[in-house]
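One structure below.
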Amino acid sequence: MFENLTYNQSTIHFGILGKSQFEEILTEDFADAKKVIITDENVYHLWIQDLTTNYPELANAEIIQIPAGEEYKSIDVCTQIWSALSEYQIGRNDLIINFGGGVITDIGGFVASCFKRGLKFINIPTTLLSMVDASVGGKTGVDLGPYKNQIGVFSDAEHVFIDDRYLETLPNDELKSGYAEMLKHGLIADKSYWNDLREFDPVNTENYLEFIYRSVLIKKRIVEKDSKESGLRKVLNFGHTIGHGLEGFCLKNDMPVLHGYAVASGMLAEAYISCEKALISKQEYDDIRSTLSQSFSPVHIADNDFKEVIKLMHNDKKNKGGVIQFSLINGIGKCLYDQEANDKLVLNALESII
Ligand SMILES: NC(=O)c1ccc[n+]([C@@H]2O[C@H](COP(=O)([O-])OP(=O)(O)OC[C@H]3O[C@@H](n4cnc5c(N)ncnc54)[C@H](O)[C@@H]3O)[C@@H](O)[C@H]2O)c1
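With numbering that gives the first Met the number 0 as the guide, the letters of the sequence shown map in order to residues 0 to 353.
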């Protein structure tokens, strides 16, 4: 049994959805609300029947299905969803249920938060990555071409229901993608979690929920201290400054890479910068490198594309005065934010991935 976690106005529930307070919340808090489920094509085919037939309150829910993939986390798709909400005459007291991976919780949370100045929403994450990271913490938004998460708002789900049954159908590379964000949580905040994760097999384990809980607890403790990312929360971006540059470059060139794989390469490169700045020892860097290399092949890009990746990074939200800002680890389980690195060092870091 895992206790509910709460931060701001949000409650995170763990365990089988049917045994959770989900039904009670639908019938008591949202009795008169129209319900809209936003999902993607894969989750729709695999799980929508399970959801809509087990809960009578969802039998008449409107279902909005979008194609799967990062390229659909766009403002154009938001416009289509908003038009559908208008057609269904959805109002302020109605409820959006985001049912899917991080793309769905990001876009669905954003759509809900902007429509008629804000509808309540519930997240039911179905990927490991969205369970450990994307569905909690209140960051919602979409990409602007190759620039990741450029348009968005902070807005918390009323509830997040994390049921690891959904992982039964998740492909192995998607499980590994979620594992990358879990490793990030260990690296930035909890050495013993990092050590346990080094023994954890993301594609074959009986106890996902225990590890998911530890990741969510780390994220919750950071987010409740700094929900709008004015300081401490930036540590959650470790691996993401370079990771988003790589992901955006691949997206732009029609060779999308899984978010977690881009973050794993980003963490490797940013650990290199941490080591070059003498924040971690060579031994710690080598340990991180060997752990990441065991599970993740590096994102494939050619040396002559690195400059383009750095150009994309210059649009990162955290930059100050034209200088790219990083969150860098200063030991395993510790992290500093607002750390500068010049383009030459970033270039060396990108070269170190290969
Ligand atoms: N808001 C945040 O704090 C935050 C944090 C981390 C990542 N993100 C965002 O999350 C996104 C990545 O999330 P993701 O990796 O979940 O991607 P995703 O939503 O694209 O899902 C990955 C794939 O898995 C499929 N899928 C989902 N659930 C499934 C299931 N149970 N069985 C089989 N297939 C299933 C999806 O259809 C998709 O093809 C990125 O856009 C990233 O920027 C957001």
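Using N, Cα and C, we set each Cβ at its ideal position, and we do this for glycine too.
Query                                                                                                                                                                               : Result
Pair every Cβ in the segment 77-94 with every Cβ in the segment 23-34, then say whether three or more of these pairs are closer than 8 angstroms.                                   : yes
Quick one, are the C-beta atoms of residue 174 and residue 201 less than 9 angstroms apart?                                                                                         : yes
Apart from the five residues just before and just after residue 314, which ones in its own chain have a Cβ nearer than 8 angstroms to its Cβ?                                       : 146 and 149
Where does residue 337 sit, in a helix, a strand or coil, going by DSSP?                                                                                                            : strand
In the structure shown, what three-state DSSP assignment does residue 88 receive?                                                                                                   : coil
Around the C-beta of residue 206, are 16 or more other C-beta atoms found within 10 angstroms, so that it is buried, or is it exposed?                                              : exposed
To the nearest whole angstrom, what separates the beta carbons of residue 13 and residue 208, a pair I think is in contact under 8 angstroms?                                       : 6 angstroms
Does the segment 230-248 touch the segment 328-340, meaning 3 or more C-beta pairs lie closer than 8 angstroms?                                                                     : yes
Since residue 147 is in the beta strand (DSSP E), which residue starts that stretch and which ends it?                                                                              : 146-153
CA-CA distance, residue 270 and residue 326?                                                                                                                                        : 10 angstroms
Considering only heavy atoms of ligand 1, does any lie closer than 8 angstroms to the CB of residue 103?                                                                            : yes
Mind checking residue 258: buried by the 16 CB within 10 Å criterion, or exposed?                                                                                                   : buried
Inspect the beta-carbon positions of residue 118 and residue 161 and report whether they are closer than 9 angstroms.                                                               : no
Would you call residue 55 buried or exposed, if buried means 16 or more other Cβ atoms sit within 10 Å of its Cβ?                                                                   : exposed
Among 84, 198 and 184, which one has its Cα closest to the Cα of residue 294?                                                                                                       : 198
Helix, strand or coil: how does DSSP classify residue 97 here?                                                                                                                      : strand
Tell me, to the nearest whole angstrom, how far the beta carbon of residue 177 is from that of residue 131; I am working on the premise that it is less than 8 angstroms.           : 6 angstroms
Check whether the Cβ atoms of residue 188 and residue 217 lie closer than 9 angstroms to each other.                                                                                : yes
Using the Cα positions of residue 284 and residue 264, report the straight-line distance between them to the nearest angstrom.                                                      : 13 angstroms
Just the C-alpha distance for residue 42 and residue 282, rounded to the nearest angstrom, thanks.                                                                                  : 42 angstroms
Give the range of the alpha helix (DSSP H) segment to which residue 248 is assigned.                                                                                                : 239-251
So for residue 233, helix, strand or coil by DSSP?                                                                                                                                  : helix
Do you know whose CA, among 251, 158, 347 and 290, lies nearest residue 20's CA?                                                                                                    : 158
Three or more C-beta pairs closer than 8 angstroms, one from the segment 318-332 and one from the segment 294-308: is that the case here?                                           : no
Between residue 193 and ligand 1, is there a pair consisting of the residue's CB and a ligand heavy atom that are separated by less than 8 angstroms?                               : no
Evaluate residue 239 with the Cβ neighbour count: other Cβ atoms within 10 Å of its Cβ, from every protein chain shown; 16 or more gives buried, anything less gives exposed.       : buried
Straight-line CA distance for residue 129 to residue 104?                                                                                                                           : 8 angstroms
Just to confirm my understanding: we take residue 287, look at its own chain, exclude 5 residues before and 5 after, and list those with CB closer than 6 angstroms. What are they? : 270
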